[in-house]
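Letter by letter, the sequence shown follows residues 1 to 210 in full-length UniProt numbering.
Yeah, the Cβ is synthetic: ideal placement off N, Cα and C, and Gly gets one too.
Here's the structure, in structure tokens; my notes come after.
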Amino acid sequence: PEQADALAARLSGLGHPLPGVGADHATATAFARSWQRHTGAASTLRERQRLYRLGTLTPPRPLPAGRGRVAGGQDREQLVRWHHEFVDAIGETPSADAGSRAAARFADRHVTLWETPDGTPVSMAGMTPMTAGQIRVAPVYTPAHLRGRGYASAVTAEASQAALDAGATEVLLFTDLANPTSNALYQRIGYVPVTDFAVYDFPCAGPEAG
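See below:
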């Protein structure tokens, strides 16, 4: 936070337009205030997020009927469709390569599905490639008409175990603080809060800071 004003002053002096900033809450807030002071551009808080780290994995009991499995080639269309639905649900603008990114993630066997006893996929949890011993679980998505049945917690636990089995020393995930249901869900299966993040939008275009 103490360097936020200097950074805002330098970027504004160089004429760099910014669409927004995302960082830990204190840093992002300090930068947003400094940016407004230097440029007159008022900021809008778009999202507050919380970073969680997996402590002791505690799968939900009882589990919903069905099982977890790794997504395969037969799931490609389903995953691409769910990826688009997820992006829409969180209010983001789909990127031009959103479908390709979803396909690449499942091709790398980085998506876990929860399916009902008849083999119907009902929820998914992706995970990022491991970097410096860390794997992040994302995205987690259950279609709206299937929520409230325990599928999200079951598939997140399955993906978290897969991350541990892959050798991760830290398993992380982010949540939207505006969604108390997901925050409570992740804590029940063993995730521990680490720190809060904030994302601010500025009324201009250009590269994002953070």
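Endpoints, alpha helix (DSSP H) assigned at residue i
{"i": "P180", "result": "180–188"}
{"i": "E2", "result": "No alpha helix (DSSP H) contains E2, which DSSP labels as neither H nor E."}
{"i": "A157", "result": "151–165"}
{"i": "A89", "result": "76–89"}
Assigned exposure category for residue i - 16 Cβ within 10 Å defines buried
{"i": "I90", "result": "exposed"}
{"i": "E2", "result": "exposed"}
{"i": "E158", "result": "buried"}
{"i": "T156", "result": "buried"}
{"i": "R10", "result": "exposed"}
{"i": "V122", "result": "buried"}
{"i": "residue 236", "result": "Nothing can be reported for residue 236: it is not among the residues displayed for the chain, which extend from 1 to 210."}
{"i": "E208", "result": "In this prediction, E208 scores a pLDDT of 47, lower than 50, which makes its location untrustworthy; the coordinate-derived value is nonetheless stated afterwards. The residue in question, E208, is exposed, as its Cβ has fewer than 16 Cβ neighbours within 10 Å."}
{"i": "A205", "result": "For A205, the pLDDT reaches just 44, beneath the cut-off of 50, and the residue's location in the model is therefore unreliable, leaving the point undetermined."}
{"i": "W114", "result": "buried"}
{"i": "A198", "result": "buried"}
{"i": "R136", "result": "buried"}
{"i": "P139", "result": "buried"}
{"i": "G40", "result": "exposed"}
{"i": "T169", "result": "exposed"}
Identified DSSP bridge partners for residue i
{"i": "Y200", "result": "V21, L45"}
{"i": "P193", "result": "Y52"}
Residue i: first and last residue of the uninterrupted beta strand (DSSP E) it sits in
{"i": "D176", "result": "170–176"}
{"i": "R67", "result": "67–70"}
{"i": "P139", "result": "134–141"}
{"i": "P121", "result": "121–127"}
{"i": "T131", "result": "Run containing T131: none; DSSP gives neither H nor E here."}
{"i": "L113", "result": "111–115"}
Anticipated Cβ contact below 8 Å, residue i with residue j, distance rounded
{"i": "G154", "j": "P17", "result": "In the sequence under discussion, the amino acid at residue 154 is Ala, which differs from the Gly named in the question. In fact, because the Cβ distance is near 44 Å, the residues do not count as touching under 8 Å."}
{"i": "G20", "j": "Y200", "result": "5 Å"}
{"i": "A125", "j": "T112", "result": "5 Å"}
{"i": "M127", "j": "G167", "result": "Not really, about 12 Å apart at Cβ, beyond 8 Å."}
{"i": "G190", "j": "T56", "result": "5 Å"}
{"i": "L172", "j": "R53", "result": "6 Å"}
What are the complete beta strand (DSSP E) segments, minimum 3 residues, inside the region 5–61? 20–24, 44–54
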